[in-house]
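To keep things clear, I will list the structure first and then write my remarks on it.
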């Protein structure tokens, strides 16, 4: 029973290679932590590190990363397409194995408090760690961006969860919280009519009365001349991937179109796909932690 | 890229707890090796250890295990329901991650040669490691069992691949080889007629003109009063689990019955189930080694 957490800090730096190298070095250098993915985008001027490791290792790595970012990233000089409010913009903790969401919430609060106390960067707790309902959604917290934070933090309803009511002069503020892994999952349709994809997206997503943990939009794949329902599955236990596919198939019938394929973008936990195999194979009584060989080694 | 091998040595001992404890201790004590399962059966008088680890760690553990078994298990005094020919009866090496079948064959030959040279136990190479076609099938090699091996090894066609043409006086002979993981997978039918399960089993299995890497028999589940197609999937890459299910569903139509559920018995590699999700979800271009999160940690 090895507890494993995924942590995906977002940094407001996508251009300075020496700073990116510094981030990668820290993210991969901590004992018990593996850097499984690192991507930087110049136009967004933003980098995302995906680490997996023990709660203790992740905690040490995150605090070292925030300190490094605060020393090397200056938001007063930052430009880029992606909205941002801090040198480290957001730090999600994701339960992966033998650890509960509650334990990830506890860890996020411990790390958040430490960041505020030792690095003097105000912290908002978001998603499952949020202590106020207006802080569950990251976009709501980030509204106003770095430039608007000094004024925003003065408002009583935007007092940080940890730290002073003034942003760090160059590193801004940071959102810290626990959430389920996000899976980017697309369903391709046998039509070049984007309106059909838009209509199905509206039906399948939670905000449209569809599946609670599914966000969806219609997208046109120009090179293949087909329309796609592009989804973010934000809780694959609550809304499994197969359920979105089957619901889309059902709605397709209304338009006389069908599913020609699906796509997984980026990473997925094995369990999100094995849950689908369990459904389609009609597997009875699968004991995921005991019957999947790899779970005995991880 | 961590190479991982599964190794599942079978021991001809299922009753003497002190010997079983000794086996478990060695199987779990080697650096880089995890004992993921251990089961002993009194009536079979046999134990099976499932280890996963690096090729080097597995090599060291196996040689230590064979030495221990040769010192503590005496086949001249062994009785039990399961056929057997050696103190360690069979040692399969199974490729799990970032390692080819060819590399497992090479390792099996290296280990086999070492067992013959240092422990004076004759070795037959079987399954994918077999150097003669009559040695692919373990049951063919084991025919005559321990008591018949002295005579069998004298025949030119049964000269061991490594070691002398005489069994070890108390430890007999051992089969060593590389094979794909074996998955025990059952499909339950909406009928209490065992003849329907038998007929479908005959059609789905390779020996009946069905799926090459599938062995199948009909079985009655008395407590549920339903019939079952009970299968050993001996190469899930060559014959995926979903293909057996879909073929069984097609044959069910002939009898007006349907699949009420399926069962996985024991362990399965994650990929065997993710391959099924890939099929049913119609996933395009899934990159298993890169897109499954856990593969970056293992």
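Residue numbers (this note's numbering), protein chains in the order written: chain A, 53 to 350; chain B, 53 to 350.
Yeah, the Cβ is synthetic: ideal placement off N, Cα and C, and Gly gets one too.
query                                                                                                                                                : result
Buried or exposed (CB count within 10 angstroms, at least 16 for buried), residue 150 of chain B                                                     : exposed
Chain-order list of residues whose beta-carbon lies under 8 angstroms from that of residue 222 of chain A (same chain, five-residue window excluded) : 122, 125, 126, 127, 128, 139
CA nearest to the CA of residue 78 of chain A, picked from A:163, A:166, A:61                                                                        : A:61
C-alpha distance - residue 200 of chain A paired with residue 95 of chain A, whole-angstrom precision                                                : 22 angstroms
Contacting residues, own chain, Cβ-Cβ under 6 angstroms from residue 307 of chain B (five flanking each side not counted)                            : 248
Whole-angstrom C-beta distance between residue 265 of chain B and residue 285 of chain B, which should lie under 8 angstroms                         : 6 angstroms
Neighbour list for residue 315 of chain A in chain B, Cβ cutoff strictly below 9 angstroms                                                           : 335, 336, 337, 338
Exposed unless 16 or more other CB atoms sit within 10 angstroms - verdict on residue 54 of chain A                                                  : exposed
Opposing strand residues paired with residue 103 of chain B [DSSP bridges]                                                                           : B:59, B:87
8 angstroms Cβ cutoff, residue 111 of chain B in contact with chain E                                                                                : Here chain E cannot be found, since the structure's protein chains are A and B.
Residue interval of the beta strand (DSSP E) (run including residue 350 of chain A)                                                                  : Where residue 350 of chain A is concerned, there is no enclosing beta strand (DSSP E), given that its DSSP letter is neither H nor E.
Chain A contact for residue 256 of chain B (CB, 8 angstroms cutoff)                                                                                  : no
Length at least 3, wholly inside the stretch 153-233 of chain B: the beta strand (DSSP E) runs in chain order                                        : 175-179, 226-230
7 angstroms CB neighbourhood of residue 206 of chain B in its chain, flanking five on each side removed                                              : 217
Three-state secondary structure assigned by DSSP to residue 334 of chain A                                                                           : coil
At least three beta-carbon pairs within less than 8 angstroms, the stretch 64-77 of chain A to the stretch 332-341 of chain B                        : no
Residues within the stretch 266-300 of chain B neighbouring chain A, beta-carbon criterion of under 9 angstroms                                      : 293, 294, 297
For residue 303 of chain A, the first and last residue of its enclosing alpha helix (DSSP H)                                                         : 293-307
Under 8 angstroms between C-beta atoms of residue 147 of chain A and residue 346 of chain B                                                          : no
Listed by chain order, chain A residues near residue 311 of chain B by CB distance under 7 angstroms                                                 : 334
8 angstroms Cβ cutoff, residue 241 of chain A in contact with chain B                                                                                : no
Where residue 139 of chain B sits in the DSSP three-state scheme                                                                                     : coil
Residue 278 of chain B beta carbon near the ligand SAH (any heavy atom closer than 7 angstroms)                                                      : Ligands in the displayed structure: none, and consequently the ligand SAH is not present.
Where the beta strand (DSSP E) containing residue 282 of chain B begins and where it ends                                                            : 278-285
Test item: CB-CB of residue 103 of chain B and residue 156 of chain B under 8 angstroms                                                              : no
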